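Notes follow once the structure below has been shown.
Residue numbers (this note's numbering), protein chains in the order written: chain R, 533 to 1003; chain A, 533 to 1003; chain S, 533 to 1003.
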């Protein structure tokens, strides 16, 4: 029989050794209250612009968060029972989804989801009992009441969470009206910026690509009947994003290839794409060429470029057909960095205007390729752990794998990459705690003085993201 | 000069930090005396059925165990000196083999072989002095006397070790007579079940494949002159195995491919295989198609499917030609999981009857592919470390790599995978100790309450293997 | 504000846990004063033969050491500002280069470069204040004065560092005159041996290959107009190196392939190479064939063979064109060992005369391929971490990844692989400290007795390098 009370320990995540723990505690305390900089998230700008209140506990904590739904699915709960693909849930359905989470609470032991939820339950909702089949309805009521309080609207939370900067992720043809509204609203002092994410526009073999291109042409007003026009149209949209505050462009493809084609050959492939007769291989070659051009544009307009490669999206087609994308069925694959980026880095690796942040779900490249690249090229930064790796042990492995070759200055600062809005504070706090752990180890092993560690953790929280994302 | 006494410390394998060690000690104590469930081993059923006594210390501890012989071979001892490929040894030869082990005792420092042997020496044989050239004959005598005691026959040991379930590994045409004898023997209360292992039947380019197929046809009574017949014959043998208590089928090929062919094309390749004119590439394509069908059959008959991929078998051909297979010359290679399993998982990944356990010797796929798959698909489980990785540090890395994405419920429970019969208790105990270490870390870092850790370690020892292997 | 004093802690690198630290301290103390064996370095023999004094602090510590320059380059300092490719620096330029290092001191936090420099600053130069913009000139003066002291010439330092053996790295046509001078100098009691490094001679598609071959023919006096002649010429140079004390040959190619070609086909490719019409693929096939022959020759002449594969050399072509090779722009790639070495190991893996040391920058192969190979083949040793991995955390990962499968006896002993002469003592001391940490963990976890650990660390420092490099 397990205890039923839920509580947070001030020393959570800190190492067992007392001396090291004491150092970690001091390091963490020095940055615990600093504002949050979130240069890569999936929170919709609309939430902030319209200052929404969240519908219900399931809509807040479960349905949109594939971290949460995927592990329940693995443990036998159908996705529709969790609200996935069901539109807005009525109260019984929302309660049922929430009850599933409570009943499956033990399945999350040892995962960061458990950690994040526990933190939110205690710190945000004031819950003091553990989720369980028995407590599910009481917890639902507590959270629902919290959500109904106007003090907990999206903007009020953004203030309370002390989020200084929040970058959303946006499609190239988005008109960014919500971002514009926020910028022109004098009463809103936080910074919400868009991120240019053109993935689908660079994949000429994907169904619907030609109509995306057509829309790009219409939105930009630039004729896209040949590749130079297409590139000019993309550049136009990048400029539009910059005018609306964007500081970065994000790219996620199956590999990191940047091989440049002859421009005439590239245009030929582009035309094949428009006519729907491009092969997969040709489309891959064209995409790598287009990514090279995105690096070129980044040198020209200065948008930081983040790369999130190597995920097999929608791995289970039947689930994709039933529920759509982003349901937790994206599975990582291995990635190659050194050779793939060489063409772009030969062209632009020492360009003073380029900032390239390399993320990975394949941990093997941290020490083998990313840290060595970030330790030579002034344009390259080692992105912090992302997605499946944004968890305590993986984050510790990352620091151990990257620091010895690239130091701390060549890393990106934390990104939360989430649409789970209320988890943002605990995610950033987790990152600060873990950086404190790593630095405390260095201090106790006499590899760093404690005052240097204090400076370093401050840089990791403040300076690195500001520098890397030009904030 | 090293000490000459041999002893076991109650806290062995537990972490240095006293507070963490205390938690680990309590967690381990709670499961230390639970029965052993061994759902994947290489102990021959004949040993139990005939209640054999072991020949001599070399035959018990050295000759059949490639973990032991390979490292001595690397350190300069020819395999024949260890009895490999020599048939039953006379006493001088057995003493010589055992003396080699004692003289090479230092070469095993830091390896699990040293740990397992030390445990057996002290706990089983009551030995109190270290193996060395000087002590070799005394130790030999002690173990030989122990072996001669009828109280140490295979069945008596199985009782004493408290092995509740033992799964053997068996060829599809085996008549399972020993399993049948054990099941019909009312005096024997332990459960010994066969495992269906059809590897060789799925590799159409291997020499002797056609005669294996012929034997399969004869044994099953199903005509195998075309592929549907062959598949029906395999299904017949799976049923035969299930009637004899089998709960799983085991598969070990160079990759995890499950790409399905057009059935006519597959049958064409099958015919090429029978006529001896299939190419290696064609045989690989056919094998992947056949593995897809094994997944299909697993959905139909419910046998758990374990996958042990990516070993270059018999790496050193001259040794293979002299000594045969399974001599320690199998060397791991890298493996790809996400793409390889996609065809089978698209077809059957959410089938309620499917249980798929993924083992690997390539640690890189734990966090990158296996945990993400096990954290989405209800059919997929992350197999615990196997073979070269069934060692303390590797097991700790496994829990750290898998848990954050897949939790504890999506892991298989321990398998010993051994033919070293007397090492089974210490192998399972090692696993329990290491799970206690991992959970103790989580407790001390306030990522889990101790009562939850107690529940979890009980599940890892009892519930997970029972669920995954349907025991 | 950070402290400004610089000091070394006696317990640096030791683990936090007091009990473990105490064991590590004792283990380290037992080997701290043993002579240095450096069987693979990049120190030029000329330095020792001519007993040079170093020019200035930049020439000693910065310009030639790409570990140091690459991270400053990443942090925005152009390489020429650090003296790279500038020839001998005048004093203002040397001071400026040194000032860059001091100003960028914080960028090295957490890296081994910081650790090595700190050790040299304190122990060698007696510096007690931290490098900074403010202290740069004072530190420069201190080091410059130290360099001007004749007591700090190369030979005097070699005595003071107690370097028993130093292996240099040399081109096949080098006349080894400096080595000869040292051997015939009765006043010099240390051993300086050459290493045969024929990389460029095995890459037939590289520009200038044909003229290298011609030079090889002239130097050896063996006609090289066909492949047998070329091989005989190489063998002749290997013999010449052995006569001058060489104990090993070093090989660094993009992969580890050893596939043997038909000799006639190989000769055809060789002729294509000489005529400049060989393709990249053909040259790769020829190189793998030639490496197979290097293994054969190693069996015949007994030179230990070290393999340092899988680096993308000169990754940034513009920097290569401006500054040349070895400037920190070499980036690792993944490597495959099991299949690549199989042809050579099938031929020679159990040959009594062969010693093959496998290094890697791809950590994934430590547990997956290298340890399993070293744990079976008597000829194969797991090389210690090299280059980007010669750092505290990576070295700890190496011992954890390799020991459980291969033990300690199948590892190479430390190599420093450096041209940073004054860093040699601290690099070897770091290795001894880290081996002490690993062994202390084993002792405290009751996996090894402390007297065994004492024996083991002595072997790692003395016996393993002597055995592996036949010293």
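Note that CB positions come from ideal geometry on N, CA and C, so glycine has one too. If you're wondering where the values come from, they're calculated on a predicted model, not measured in any experiment.
Could you check which residue in R:576, R:688 and R:916 has the C-alpha nearest to that of residue 966 of chain R? The residue given as residue 966 of chain R occupies position 434 in the first chain. Taking each of R:576, R:688 and R:916 in turn and checking the Cα distance to residue 966 of chain R, the smallest one comes out for R:916.
May I ask whether a heavy atom of the ligand SAH can be found less than 7 Å away from the beta carbon of residue 739 of chain A? You won't find the ligand SAH in this model; it holds no ligand whatsoever.
Can you check whether the C-beta of residue 967 of chain S is within less than 8 Å of a C-beta belonging to chain D? No chain D appears in this structure, whose protein chains are R, A and S.
CA-to-CA distance, residue 770 of chain S to residue 952 of chain A, given in whole angstroms: Residue mapping note: residue 952 of chain A aligns to position 420 of the second chain, counting from 1. Residue mapping note: residue 770 of chain S aligns to position 238 of the third chain, counting from 1. Rounded to the nearest angstrom, the two C-alpha atoms are 47 Å apart.
Residue 889 of chain S lies in the beta strand (DSSP E); which residues open and close that run? Position 357 of the third chain holds residue 889 of chain S. 888 to 890 is the span of the beta strand (DSSP E), which, as asked, contains residue 889 of chain S.
Taking a cut of 8 Å between CB atoms, which residues from the region 863 to 891 of chain S lie near chain A? So the close ones are 868, 870, 871, 874, 877, 878, 881 and 882.
Any beta carbon from chain S within less than 8 Å of residue 665 of chain A's own beta carbon? What you label residue 665 of chain A is simply residue 133 of the second chain in a count that begins at 1. Residue 665 of chain A does not count as touching chain S.
Output the distance between the C-alpha atoms of residue 659 of chain S and residue 970 of chain S, rounded to the nearest integer angstrom. Position 127 of the third chain holds residue 659 of chain S. Position 438 of the third chain holds residue 970 of chain S. Roughly 31 Å between the two C-alpha positions.
Report the option in R:543, R:595, R:624 and R:837 whose CA atom is closest to the CA atom of residue 610 of chain R. As a working mapping, residue 610 of chain R is identified with position 78 in the first chain. The candidate whose alpha carbon is nearest that of residue 610 of chain R is R:595.
Taking C-alpha atoms, which residue in A:546, A:653, A:549 and A:564 lies nearest to residue 539 of chain A? The count along the second chain starts at 1 and reaches residue 539 of chain A at position 7. The shortest Cα separation from residue 539 of chain A among A:546, A:653, A:549 and A:564 belongs to A:653.
So is residue 796 of chain A buried or exposed if we call it buried at 16+ other beta carbons inside 10 Å? The residue you call residue 796 of chain A lines up with position 264 of the second chain. When all chains shown are included, residue 796 of chain A counts as exposed.
Of the residues S:691, S:964, S:962 and S:985, which one's Cα is nearest the Cα of residue 973 of chain S? One-based indexing of the third chain puts residue 973 of chain S at position 441. With distances taken between Cα atoms, residue 973 of chain S lies closest to S:985.
Determine the direct distance from the alpha carbon of residue 912 of chain A to that of residue 995 of chain A, and round the result to whole angstroms. Looking up residue 995 of chain A in the second chain gives position 463. Looking up residue 912 of chain A in the second chain gives position 380. Annotation: residue 995 of chain A to residue 912 of chain A spans about 16 Å, alpha carbon to alpha carbon.
Tell me which same chain residues have a C-beta within less than 6 Å of the C-beta of residue 784 of chain R, skipping the five on either side of it? Here residue 784 of chain R corresponds to residue number 252 of the first chain, with the count starting at 1. Hits under 6 Å: 731 and 840.
Excluding the 5 residues preceding and the 5 following residue 487 of chain A in the sequence, name in chain order all residues of the same chain whose CB lies nearer than 6 Å to its CB. The shown model of chain A, from 533 to 1003, leaves out residue 487 of chain A, and the question about it has no answer.
So, do the region 932 to 945 of chain R and the region 550 to 558 of chain R have three or more beta carbon pairs nearer to each other than 8 Å? Cβ pair count under 8 Å is below three, so no.
From residue 844 of chain A to residue 922 of chain A, what distance separates their C-alpha atoms? Residue 844 of chain A sits at position 312 when you count from the first residue of the second chain. Residue 922 of chain A sits at position 390 when you count from the first residue of the second chain. Distance between the alpha carbons of residue 844 of chain A and residue 922 of chain A is about 18 Å.
Could you check which residue in A:956, A:856, A:702 and A:743 has the C-alpha nearest to that of residue 576 of chain A? Counted from its first residue, the second chain places residue 576 of chain A at position 44. Minimum Cα distance to residue 576 of chain A is reached at A:702.
Which residues in chain S sit within 7 Å of residue 541 of chain A, going by Cβ to Cβ distance? In the second chain, the residue the question calls residue 541 of chain A occupies position 9. Within 7 Å Cβ-Cβ: 978.
Tell me where the beta strand (DSSP E) around residue 477 of chain R begins and ends. Outside the shown range of chain R, which is 533 to 1003, sits residue 477 of chain R, and nothing can be said about it.
Return helix, strand or coil for residue 699 of chain A, following the three-state DSSP convention. Taking the second chain and counting its residues from 1, the one referred to as residue 699 of chain A is at position 167. When secondary structure is reduced to three states using DSSP, residue 699 of chain A falls in the strand class.
For the region 545 to 556 of chain R, which residues have a beta carbon sitting closer than 9 Å to at least one beta carbon of chain A? 545, 546, 547, 548, 549 and 550
Name, going along the chain, the residues of the region 603 to 617 of chain S whose beta-carbon falls closer than 7 Å to a beta-carbon of chain R. 603, 605, 606, 607 and 608
Three CB pairs or more closer than 8 Å across the region 613 to 625 of chain A and the region 587 to 605 of chain A: In short, these stretches touch, since the Cβ pair count reaches three.
Within the continuous alpha helix (DSSP H) that includes residue 612 of chain A, where are the two ends? If you number the second chain from 1, residue 612 of chain A lands on position 80. No alpha helix (DSSP H) holds residue 612 of chain A; DSSP gives it neither H nor E.
Could you spell out the range, first to last residue, of the alpha helix (DSSP H) harbouring residue 780 of chain R? Start at 1 with the first residue of the first chain, and residue 780 of chain R comes out as number 248. Premise fails: residue 780 of chain R lies in the beta strand (DSSP E), 780 to 783, not in any alpha helix (DSSP H).
Range covered by the alpha helix (DSSP H) that runs through residue 645 of chain A: Looking up residue 645 of chain A in the second chain gives position 113. Counting along the chain, the alpha helix (DSSP H) containing residue 645 of chain A begins and ends at 644 to 651.
Check the Cβ of residue 905 of chain R against every Cβ in chain S and list those closer than 7 Å, keeping chain order. As a working mapping, residue 905 of chain R is identified with position 373 in the first chain. Near residue 905 of chain R (Cβ distances below 7 Å), the residues of chain S are 863.
Inter-residue spacing [alpha-carbon to alpha-carbon] between residue 955 of chain R and residue 657 of chain R: On the first chain, position 423 is the one that residue 955 of chain R refers to. On the first chain, position 125 is the one that residue 657 of chain R refers to. Spanning the two alpha carbons is a distance of roughly 12 Å.
Using 8 Å as the threshold, is the region 851 to 863 of chain A in touch with the region 595 to 607 of chain A, meaning 3 or more CB pairs across them? yes
Can you tell me whether residue 651 of chain R is buried or exposed? The criterion is at least 16 other CB atoms within 10 Å of its CB, across all chains shown. Start at 1 with the first residue of the first chain, and residue 651 of chain R comes out as number 119. Per the 10 Å Cβ criterion, buried.
Looking at the C-beta of residue 860 of chain A, does it have a partner C-beta in chain S at a distance below 8 Å? Reading the second chain from its first residue, position 328 is the one you call residue 860 of chain A. For residue 860 of chain A, the answer is yes, since a Cβ of chain S falls inside 8 Å of its Cβ.
Are the C-beta of residue 847 of chain R and some C-beta of chain A separated by less than 8 Å? In the first chain, counting from the first residue as 1, residue 847 of chain R sits at position 315. Yes, its Cβ sits closer than 8 Å to a Cβ of chain A.
Smallest Cα separation from residue 765 of chain R: which of R:775, R:758 and R:752? Counting from 1 along the first chain, the entry for residue 765 of chain R is found at position 233. Minimum Cα distance to residue 765 of chain R is reached at R:752.
Sufficient close CB pairs (3 or more, under 8 Å) joining the region 631 to 646 of chain A to the region 975 to 990 of chain S: yes
Can you pull the DSSP bridge partners for residue 568 of chain A? Numbered from 1 along the second chain, position 36 holds the residue referred to as residue 568 of chain A. Beta-bridge pairing links residue 568 of chain A to A:695.
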